[in-house]
Amino acid sequence: MLKIIMMTTIALSLSGCIFTPKYEKPKSVIDENMLLKSGNTGSTSSLVDILAHDPILTNIIHNALINNYDLQQGMIKVQSSILQTNSATLDYIPAVAFGASKNISMTRQISPFDGSAVQQKSKSYQSSLSLNSYEVDIWGRKFNEIMSLNDQRKASESAVAAIRLTLISELSRNWYELKSLIKSWHLMSAKLSRLNEIETTLKEIDSLGRIDPVSIAKFSRGKANDESYSLTLEKEISTRINKIEYLSGMYPIQINAINWKTESGDYRIPLVNQSISSKVIFNRPDVIQAEMNITAANGTIGAARASLLPVFNLFANATHTSSSFDNILGNLTNNWTLTPSMVIPIFSLPKNYSNLKLADKQKSLAVIEYKNTVAQALMDIKDSISEVDVADKISQSFSAEVVRSKQQMEKIDFRYRAGYGDIYSLYESVDIFHSAQLELENARRQKMSNTLILLKSMGG
386 MLKIIMMTTI
396 ALSLSGCIFT
406 PKYEKPKSVI
416 DENMLLKSGN
426 TGSTSSLVDI
436 LAHDPILTNI
446 IHNALINNYD
456 LQQGMIKVQS
466 SILQTNSATL
476 DYIPAVAFGA
486 SKNISMTRQI
496 SPFDGSAVQQ
506 KSKSYQSSLS
516 LNSYEVDIWG
526 RKFNEIMSLN
536 DQRKASESAV
546 AAIRLTLISE
556 LSRNWYELKS
566 LIKSWHLMSA
576 KLSRLNEIET
586 TLKEIDSLGR
596 IDPVSIAKFS
606 RGKANDESYS
616 LTLEKEISTR
626 INKIEYLSGM
636 YPIQINAINW
646 KTESGDYRIP
656 LVNQSISSKV
666 IFNRPDVIQA
676 EMNITAANGT
686 IGAARASLLP
696 VFNLFANATH
706 TSSSFDNILG
716 NLTNNWTLTP
726 SMVIPIFSLP
736 KNYSNLKLAD
746 KQKSLAVIEY
756 KNTVAQALMD
766 IKDSISEVDV
776 ADKISQSFSA
786 EVVRSKQQME
796 KIDFRYRAGY
806 GDIYSLYESV
816 DIFHSAQLEL
826 ENARRQKMSN
836 TLILLKSMGG
């Protein structure tokens with residue numbers, strides 16, 4: 386009997402999914418595939434490629450994926466979604482109750498022969514198997530609720546993937562900004578070292594009264610600004626180290642407040658040469674999450690529609706009575722009852738209808754959120770492509786400027802050592818050259834940051 390009930394329930398439940406709206410991908414700004422960046426179709430770049438060339442950063446990110454608090458919260462939400470889905474699925478299992486009892490009776494009778502009292506003792510054993518108020522999911526209400534919860538779980542997983550991608554991107558950006566700032570600090574230290582040599586010569590010439598005091602004042606002011614900038618770089622380096630330690634949960638990291646001055650700060654900027662189309666947007670975790678929210682809303686609508694229809698319940702009971710305990714688990718099919726019932730939700734109909742309209746509005750919000758997420762993703766990629774292109778051109782311009790200023794500095798230095806140039810002209814050429822180096826490094830830092838943002842906007 387129980388097997389028949391279960392098979393019938395499953396068949397009717399699966400047929401109830403027709404109340405769920407058919408999913409159709411909402412129209413968005415990228416319905417037609419657009420070429421966002423031309424390039425080599427066989428070339429691909431990703432955040433994974435960057436990590437492959439930087440084992441220290443890979444180790445930091447590995448620890449961050451374990452220790453990051455936001456990621457831990459996201460994983461707990463995913464686990465909670467799984468438990469909710471499992472709990473809803475287990476509702477399909479009928480609540481079957483089994484009972485066993487022993488009855489003892491004592492009777493007293495008077496003998497007709499001698500008038501004496503005779504007592505007789507009898508006992509019996511009874512077993513029962515009952516199914517109390519099992520709701521048959523004929524319209525698929527439970528089924529749609531389970532499907533909705535399952536899609537919510539997928540949305541939670543996509544949210545975790547988005548957190549993971551953001552964490553990797555933020556760590557990578559701070560890591561390479563740290564390296565670039567260290568390199569800028571070394572460049573500034575080299576400049577200050579050269580300025581100290583020039584300052585010694587200026588003081589000797591000034592003691593002889595052979596140099597304009599205004600030139601001395603300009604030099605002192607410029608050197609003070611450079612020393613202040615060097616201290617600013619040290620503060621920025623300390624800030625980046627603290628940020629990386631916080632995001633990764635590592636204390637300290639390999640480059641820390643004690644040993645960072647021993648690092649060179651060299652790094653390689655990856656080239657994003659591949660062709661980029663609007664299709665990459667569908668790989669972004671936030672877009673996948675928005676799409677899963679729509680399918681989850683569809684399941685909620687299906688469940689709300691099913692709640693408008695009558696509810697079918699089953700009551701079943703089977704009993705068996707035996708005179709001995711050995712046969713208590715005998716055949717329960719000889720004495721059984723099955724009582725189906727139907728409940729029409731007349732008084733709860735307004736509430737159920739309101740729930741249906743609410744589910745429709747929630748789906749509308751999910752669709753709008755999806756379209757907005759896609760549009761935002763498209764804007765992010767376009768902006769990132771443009772910023773990488775501009776940063777690349779600026780880097781090329783400063784690279785040429787560094788070459789020119791170095792040649793000019795070497796020429797002026799040669800004239801000065803030959804006795805045809807003045808010390809202040811040499812200072813100005815040194816200042817221009819080292820400033821160009823710092824500006825080039827700033828441009829490289831911005832290009833690296835924009836490249837990482839572009840890779841993140843493409844979904845990693």
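Just remember that the working numbering sits 385 ahead of the position in the sequence shown, which is counted from 1.
No residue lacks a Cβ here, since even glycine has one placed at the ideal position from N, Cα and C.
- With fewer than 16 other Cβ atoms inside 10 Å of its own Cβ, L723 counts as exposed.
- Distance from the CA of M419 to the CA of A546, rounded to the nearest whole angstrom, comes to 25 Å.
- Bounds of the beta strand (DSSP E) holding K422 are 420 to 422.
- Leaving aside the five residues that flank A575 on each side, the residues in its chain whose CB is nearer than 8 Å to its CB run, in chain order, H819.
- The beta carbons of S780 and R830 sit no closer together than 7 Å.
- Residue pairing by DSSP places K506 opposite M491 in a beta bridge.
- Comparing alpha-carbon positions, the option among L734, I729, L456, A642 lying closest to I622 turns out to be A642.
- Across the set T617, T405, K527, the C-alpha of K527 shows the shortest separation from the C-alpha of S472.
- Looking at the DSSP output, L514 shares a beta bridge with F483, A703.
- Annotation for L556: L442, I445, I446, A449, I629, L632, S633 place their beta carbon closer than 8 Å to its own, counting only its chain and skipping 5 residues before and after.
- Contact between L456 and I548 holds, with the beta-carbon distance rounding to 5 Å and staying under 8 Å.
- When only Cα atoms are considered, Y519 and A751 end up about 34 Å apart.
- Considering only F697, G650, L734, A681, the residue with the shortest C-alpha distance to Q537 is A681.
- Annotation: V665 is outside any alpha helix (DSSP H) and is labelled neither H nor E by DSSP.
- With respect to the 7 Å criterion, L566 and L823 are not classified as neighbours on the basis of their beta carbons.
- Under the three-state reduction of DSSP output, E520 falls in the strand class.
- With the rule of 3 Cβ pairs closer than 8 Å, the stretch 504 to 514 counts as touching the stretch 478 to 496.
- Taking the C-beta atoms as reference points, L587 is found no nearer than 7 Å to K608.
- Counting along the chain, M727 sits inside the beta strand (DSSP E) bounded by residues 721 to 728.
- By the C-beta density criterion, P735 is exposed, having fewer than 16 other C-beta atoms within 10 angstroms.
- Around the CB of M727, fewer than 16 other CB atoms lie within 10 Å, so the residue is classed as exposed.
- In this structure, DSSP gives N641 a state outside helix and strand, which the three-state scheme calls coil.
- Remark: C-beta atoms of M677 and A540 approach each other more closely than 7 Å.
- In this structure, the alpha-carbon of Q659 lies about 11 Å from that of L840.
- For a cut-off of 8 Å, the C-beta gap from W721 to N702 is around 7 Å, short enough to register as a contact.
- Restricting attention to S842, T405, D439, L825, the CA atom closest to the CA of S790 is found in L825.
- The shortest CA-to-CA distance from S431 to any of Q469, I661, N827, D591 is the one to I661.
- Contiguous beta strand (DSSP E) elements confined to the stretch 565 to 646 do not occur, taking only those with 3 or more residues.
- Per DSSP, reduced to three states, the secondary structure at N425 is strand.
- According to DSSP, residue pairing for I661 in a beta bridge involves K422.
- Relative to P655, the option among P406, K778, T429 whose CA is nearest is T429.
- Three or more beta-carbon pairs separated by less than 8 Å link the stretch 662 to 671 to the stretch 405 to 424, which places the two stretches in contact.
- According to the DSSP assignment, L656 belongs to no alpha helix (DSSP H), since it is labelled neither H nor E.
- Just so you know, the alpha carbons of T585 and A803 end up roughly 19 Å apart.
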